[in-house]
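First the structure, in the form of structure tokens, and then the observations on it.
There are 2 protein chains.
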Amino acid sequence: MTVQFALAPTSWTPFHKDNEAKPALGPVTHFDQDCEIYGEGDGADYYYKVVSGMVRTCKFFADGRRQIDGFHAAGDLFGIETGGEHSLTAEAVNDCSIVAIRRGNVESSTQLLPELLRNLGRAQQHAVLLGRRSAVEKVSAFLLLLADEAASRGEAVITLPMTRQDIGDYLGLTIETVSRTIWQFERDDILELPAARQIKIKDYDALVDLRG
Amino acid sequence: MTVQFALAPTSWTPFHKDNEAKPALGPVTHFDQDCEIYGEGDGADYYYKVVSGMVRTCKFFADGRRQIDGFHAAGDLFGIETGGEHSLTAEAVNDCSIVAIRRGNVESSTQLLPELLRNLGRAQQHAVLLGRRSAVEKVSAFLLLLADEAASRGEAVITLPMTRQDIGDYLGLTIETVSRTIWQFERDDILELPAARQIKIKDYDALVDLRG
DNA sequence: CGCCGAGTTGACCATGTTCAAGGTGGGTGG
DNA sequence: CCACCCACCTTGAACATGGTCAACTCGGCG
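Protein chains in written order, with the numbering used here: chain A, 34 to 245; chain B, 34 to 245.
Take a look at the structure:
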């Protein structure tokens, strides 16, 4: 793994040089897998947009546990904070390209709003997913999310960018439970697993049922 | 319980008649305890602001389980949605007064933004609280939230507006577990319970420790 | 006084965690 | 091209946390 530093605000250069009321964009920066994009407590002068690849935002606890707050795919905005510093850590799930956007442009508010609403809706959905739901419900809900995304890209098979550990930390489950649950789905002829990181859904409706 | 209907959009009348660029406000409406303010699937033409009392937004499942997404106190905005309809149900935790604000005023965006950011931050915190945390960690985190709010109002004792069931559904725990955990805290001299709905924190630091 | 809903307490049990071992596959170097 | 290695994943068995079910207490209100 190549060590890389987070986007340095000092190296920021405007992308749009005309008078359009567009947000000030930094250069597209590449991050290798598992690289930190920003850390908890870093100044939140910029927010970020995924160009390609996938980013996870997460919280680390003193005992080493980790809660993944969300996965962000191409087009998603992340790192939008209420205070002056980031409350989560952002890392590259796989190799990815990111654009930094300078915060504080009031004129960008109207463009920001829809993205912000989307993030809020997702965060709420995530909370609903985590509370008082069984492993089967959590995993099937997660797979359905991925399936819908894949379908919207016209893909019939889900290719997982993230590890079982990532999934577990997102769903509040151990890797063992995630593994067992997925295996159970395969046994029940709901899924097909051509490879470890590939999932083909054979019985979509069954998953919808199991989600609860 | 008096049955009351949700704010009827048809009965909306402007509150501000001058030319100020303020959001169009509906009248302040009162809701009795446990009344529904809006339901999942209702049109989201308005969002709402709590004037007094407390509101819970929650998701109901087919099997009767309920996940509370958040509690909203005086001054809080709720019901801000990404789509055309509400994805959650809003109910009055206790008797409360609510103002409806018409959605779609572009000029209100800049006023909406900070509230939206706050809601996003809270939702993220909530997700972190729900995933892979023990009952002790969840309850202590919840009590600390309440304690800080109470302290900001200059109150030394927390007065709970919500039932144990509400707390359980917020934290993803059963009422029994909530009850046992709080009782354990009292036993450990961390809390004092003058009444069922009153909590005095005796050892704040211990709670911070337990929160993890 | 008795009822009723909210809360507490106890005993048992199920789900998911923990710990431990074994498998698999992609990449690297001989 | 094959052997090895390592990270990732899978599988199994014991265990613990919190859920379930049930009984009981408490306090407010008719």
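Backbone N, C-alpha and C fix where the C-beta goes; we use that ideal spot for every residue, glycine too.
Residue-level contact by beta carbon fails for D238(A) and chain B, as no gap is shorter than 9 Å.
Taking C-beta atoms as the reference points, L121(B) and E73(B) count as a pair closer than 9 Å. By a beta-carbon distance limit of 8 Å, V88(B) contacts H105(B). Their separation comes to about 4 Å.
The DSSP assignment places 168-185, 197-204 as complete runs of the alpha helix (DSSP H) inside the segment 144-207 of chain B, in order along the chain (cut-off: 4 residues). Distances from the CA of Q231(B) to each of D67(B), L145(B), E209(B), T196(B) were compared; the closest alpha carbon is that of T196(B). L206(A) and R165(B) have their C-alpha atoms spaced approximately 7 Å apart. Just measuring C-alpha positions, the residue of A228(A), C91(A), Q217(A) sitting nearest L240(A) is Q217(A). With fewer than 16 other Cβ atoms inside 10 Å of its own Cβ, F93(B) counts as exposed.
In this structure, the beta-carbon distance from E148(A) to I113(A) falls below 9 Å.
Looking at the DSSP output, C68(A) bridges to nothing.
Against chain B, a Cβ distance below 7 Å from T214(A) picks out nothing, because the smallest value is about 15 Å.
Per DSSP, D242(A) is one residue of the alpha helix (DSSP H) stretching across 237-244. Just so you know, the alpha carbons of G86(B) and Q158(B) end up roughly 23 Å apart.
Against chain B, a Cβ distance below 8 Å from V161(A) picks out K92, Q100, D102.
Listed along the chain, the chain B residues whose CB falls inside 8 Å of the CB of L149(A) are L146, L149, L150, L153. DSSP places E114(A) outside both helix and strand once states are collapsed to three, so it counts as coil.
Closer than 9 Å at the C-beta level to chain A, one finds these residues of the segment 112-125 of chain B: I113, E114, T115, G116, S120, L121. Distance from the CA atom of D221(A) to the CA atom of D236(A), rounded to whole angstroms, is 10 Å. At a beta-carbon threshold of 7 Å, the residues of chain A lying near R165(B) are R98, Q100, G205, ordered along the chain. Here D199(B) is buried: its Cβ has 16 or more other Cβ atoms, across all protein chains shown, within 10 Å. In this structure, Y79(A) sits near R136(A), with a CB-CB distance shorter than 9 Å. Taking all protein chains in view, the Cβ of L226(B) is surrounded by fewer than 16 other Cβ atoms within 10 Å, so the residue is classified as exposed. Neighbours of A95(A) in chain B, taken as residues whose beta carbon is under 9 Å from its own, are G245 in chain order. Taking 8 Å as the upper bound for CB-CB distance, V132(B) and V172(B) are not in contact here, some 32 Å apart. Contact check for L146(A) and L153(B): beta-carbon distance about 12 Å, past the 8 Å limit, so the pair fails to qualify. Considering only Y81(B), E219(B), R99(B), the residue with the shortest C-alpha distance to A107(B) is Y81(B).
Burial state of G201(B) is buried, judged by a 10 Å Cβ sphere holding 16 or more other Cβ atoms. Per the C-alpha coordinates, the member of L110(B), L178(B), H119(B), L224(B) positioned closest to L58(B) is L110(B). Secondary-structure assignment with DSSP links L58(A) through a beta bridge to I134(A). The criterion of a C-beta distance shorter than 9 Å is not satisfied by T192(B) and A184(B). Among the residues facing chain A, D202(B) is included, as its CB has a counterpart in that chain under 9 Å away. In chain order, L153, A156, Q157, A160 make up the part of chain A whose C-beta sits under 7 Å from the C-beta of A156(B).
In this structure, A180(A) lies near I234(A), with their beta-carbon atoms less than 9 Å apart. Counting only the Cα atoms, A160(B) lies some 16 Å from A174(A).
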